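Structure record follows, encoded as structure tokens.
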Ligand code: ARG
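Numbering (mature numbering (1 follows the signal peptide of the UniProt record, and there is no 0)), first residue to last: -20 to -1, 1 to 305.
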């Protein structure tokens, strides 16, 4: 059974505390089932010209009172977190085509490197350990992709990066503060297949909920990298519960989050990708795939960057862009 096997989107209901909700419009994608033959080539990727969502100055939500405002960050009239729903049943399958339209593949020197998530038209969020020691000029990010070896099924686009913002307290030994932002050279024009994910409220604790991890990582410990993006549903633990697992309890800091159960985990190659939570309408990124011992091992859940602890950091580091609501 695949470690990062697929499971469908369970409609998890969030607390009322989650910031953005309430639109019942579901965006459905009409799947393109054309023969999938052509090899994926970067230079043949179709590029969509840049577009900017119009910004309007909505007041920010209650969670912003605890830290200073970033004046170059506004809210724009776009939606975050809408997936392209698939009518799949729970159990061991890849995601639907562009089901999670914020999924980004970070390519380094022409090779798959890590996952990431589109946060605004200009920024991708990923793990600091993914981008440490990388040369910015060799990074490319691909959006709207599904099967990394096939071009015909969706119109993927590629972007270069103009800034790599790694958390300055990222610790490569403990993976504490494993978070980074990448600024895209040209903004993304959102489309059916490329949309941003929502951020949770500052300090929101997803303990006890069922999240979904999505990525192109190995489907078994020491196994192969799949060509299609996979997803798996993982139970999210409380910090206290995580500290009773087989990891040394001090390794699990309050800015980390544990999720998974035996055989249900992220794995190498999933790093930087999102741990998602749905409120039944929209998806929120509550974690970033960070580390773990092996994959899917009993007592060793996947460890994620706890996004809700980094909302101030994220907002302070996003420049001249706007968040969708
Ligand atoms: N550090 C890994 C990567 O770079 C992610 C490992 C996640 N491991 C886990 N058991 N959940 O891809």
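Glycine residues also receive a C-beta, built at the ideal position from the N, C-alpha and C atoms.
None of these values were measured; they are calculated from a predicted model.
task = Kindly confirm or deny that the stretch 186 to 194 and the stretch 208 to 225 touch, where touching means at least three C-beta pairs closer than 8 Å.
result = yes
ask   = Cβ atoms of residue 63 and residue 74: under 8 Å apart, would you say?
value = Counted from its first residue, the chain shown places residue 74 at position 94. Counted from its first residue, the chain shown places residue 63 at position 83. No. Outside cutoff.
message = By DSSP's criteria, residue 271 is part of a beta bridge. Which residues make up the other side?
response = Translated into the one-based positions of the chain shown, residue 271 becomes position 291. Looking at the DSSP assignment, residue 271 forms a beta bridge with 283.
task = Along the beta strand (DSSP E) that carries residue 186, what are the first and last residues, could you check?
result = Position 206 of the chain shown, counted from the start, is the residue given in the question as residue 186. Segment: none, residue 186 is in no beta strand (DSSP E) and carries neither H nor E.
query = Would you say residue 221 reaches chain D, if we count a Cβ-Cβ gap shorter than 8 Å as a contact?
reply = Note that chain D does not occur in the displayed structure, where there is just one protein chain.
request  = Give a yes or no on whether the C-beta atoms belonging to residue 100 and residue 298 are separated by under 8 Å.
outcome  = Start at 1 with the first residue of the chain shown, and residue 100 comes out as number 120. Start at 1 with the first residue of the chain shown, and residue 298 comes out as number 318. Yes, these two residues count as a Cβ contact at 8 Å.
key: Sheet register partners of residue 276 (DSSP bridge)   = Position 296 of the chain shown, counted from the start, is the residue given in the question as residue 276. Looking at the DSSP assignment, residue 276 forms no beta bridge with any residue, so it has no partner.
task = Taking residue 254 as part of the beta strand (DSSP E), name the residues at either end of that continuous run.
result = By 1-based counting over the chain shown, the position of residue 254 is 274. Residue 254 -> beta strand (DSSP E) spans 254 to 258.
key: Same chain only: Cβ atoms within 8 Å of residue 124, ignoring 5 sequence neighbours per side   = Your numbering for residue 124 matches position 144 in the chain shown. So the list reads 78, 81, 134, 135, 136, 137, 171, 173 and 174, once near-sequence residues are dropped.
Expected contact under 8 Å - CB spacing of residue 269 and residue 251 to nearest Å = Against the chain shown, residue 269 aligns to sequence position 289. Against the chain shown, residue 251 aligns to sequence position 271. Going by Cβ atoms, the distance from residue 269 to residue 251 rounds to 5 Å, so yes, they are a contact pair.
inquiry  = Going by DSSP in three states, residue 290 sits in which element: helix, strand or coil?
reply    = For this step, residue 290 is matched to residue 310 along the chain shown. If DSSP states are grouped into helix, strand and coil, residue 290 belongs with the helices.
task = Would you mind reading off the limits of the beta strand (DSSP E) that contains residue 237?
result = Counting from one through the chain shown, the residue named residue 237 turns up at place 257. 236 to 239 is the span of the beta strand (DSSP E), which, as asked, contains residue 237.
ask   = By Cβ distance below 8 Å, which residues in the same chain neighbour residue 91 in space, the five residues on each side in sequence not counted?
value = The sequence position of residue 91 within the chain shown is 111, counting from 1. Within the same chain, residue 91 has no close Cβ partners at all.
message = Let me check you understand the geometry: is the CB of residue 269 closer than 7 Å to at least one non-hydrogen atom of ligand 1?
response = As a first step, residue 269 is located in the chain shown; it is residue number 289 there, counting from the start. Yes; taking the cut-off as 7 Å, the Cβ of residue 269 has a heavy atom of ligand 1 nearer than that.
message = At the level of alpha carbons, what is the spacing between residue 86 and residue 108?
response = The residue given as residue 86 occupies position 106 in the chain shown. The residue given as residue 108 occupies position 128 in the chain shown. Roughly 13 Å between the two C-alpha positions.
task = Identify the continuous alpha helix (DSSP H) that holds residue 325 and give its terminal residues.
result = Any property of residue 325 remains undetermined from this structure, which presents the chain solely from -20 to 305.
query = Exposed or buried, what is residue 61 when buried is set at 16 or more other beta-carbons lying within 10 Å of its beta-carbon?
reply = One-based indexing of the chain shown puts residue 61 at position 81. It is buried - the Cβ of residue 61 has at least 16 other Cβ atoms within 10 Å.
query = Who are the near neighbours of residue 141 in its chain, counting only those whose CB is closer than 7 Å to its CB and skipping five residues on each side?
reply = By one-based count along the chain shown, residue 141 stands at place 161. The answer, listed in chain order, is 116, 119, 121, 162, 163, 164 and 165.
ask   = Distance, Cα to Cα, residue 149 vs residue 158?
value = Taking the first residue of the chain shown as 1, we reach residue 149 at position 169. Taking the first residue of the chain shown as 1, we reach residue 158 at position 178. One C-alpha to the other measures close to 9 Å.
Rounded distance between the beta-carbons of residue 289 and residue 235, thought under 8 Å = Numbered from its first residue, the chain shown carries residue 235 at position 255. Numbered from its first residue, the chain shown carries residue 289 at position 309. Residue 235 to residue 289, Cβ: 4 Å. Contact.
query = By how many angstroms is the C-alpha of residue 220 removed from the C-alpha of residue 187?
reply = Counted from its first residue, the chain shown places residue 187 at position 207. Counted from its first residue, the chain shown places residue 220 at position 240. Answer to the nearest angstrom: the Cα atoms are 10 Å apart.
query = Any idea if residue 106 is buried or exposed, counting beta-carbon neighbours within 10 angstroms, 16 or more meaning buried?
reply = Position 126 of the chain shown, counted from the first residue, corresponds to residue 106. So residue 106 counts as buried.
task = Please indicate yes or no: does the CB of residue 97 lie closer than 7 Å to some heavy atom of ligand 1?
result = Your numbering for residue 97 matches position 117 in the chain shown. Residue 97: no, Cβ never under 7 Å from ligand 1.
Ordered list of beta strand (DSSP E) runs contained in the stretch 156 to 215, each at least 3 residues = 160 to 164, 190 to 195 and 210 to 215
task = Whole angstroms is fine: what's the gap from residue 207's alpha carbon to residue 249's?
result = Your numbering for residue 207 matches position 227 in the chain shown. Your numbering for residue 249 matches position 269 in the chain shown. Approximately 12 Å, taken between the alpha carbons.
message = Could you tell me the alpha carbon to alpha carbon distance between residue 232 and residue 84, rounded to whole angstroms?
response = For this step, residue 232 is matched to residue 252 along the chain shown. For this step, residue 84 is matched to residue 104 along the chain shown. Going from the Cα of residue 232 to the Cα of residue 84 covers about 27 Å.
ask   = Taking 7 Å as the cut-off, does the CB of residue 124 come closer than this to any heavy atom belonging to ligand 1?
value = In the chain shown, counting from the first residue as 1, residue 124 sits at position 144. No, the beta carbon of residue 124 sits no closer than 7 Å to any heavy atom of ligand 1.
query = Tell me, which residues are paired with residue 244 by DSSP?
reply = Within the chain shown, numbered from 1, the residue matching residue 244 stands at position 264. 241.
request  = Report the rounded CA-to-CA distance for residue 199 versus residue 265, giving the unit in angstroms.
outcome  = As a working mapping, residue 199 is identified with position 219 in the chain shown. As a working mapping, residue 265 is identified with position 285 in the chain shown. The alpha-carbon atoms of residue 199 and residue 265 are separated by roughly 22 Å.
task = Compute the distance between the beta-carbons of residue 272 and residue 245, then report whether it is under 8 Å.
result = In the chain shown, the residue the question calls residue 272 occupies position 292. In the chain shown, the residue the question calls residue 245 occupies position 265. In contact: residue 272 and residue 245 (Cβ atoms closer than 8 Å).
ask   = Excluding five sequence neighbours on each side, which residues of the same chain lie with their C-beta closer than 6 Å to the C-beta of residue 218?
value = Start at 1 with the first residue of the chain shown, and residue 218 comes out as number 238. Hits under 6 Å: 187.
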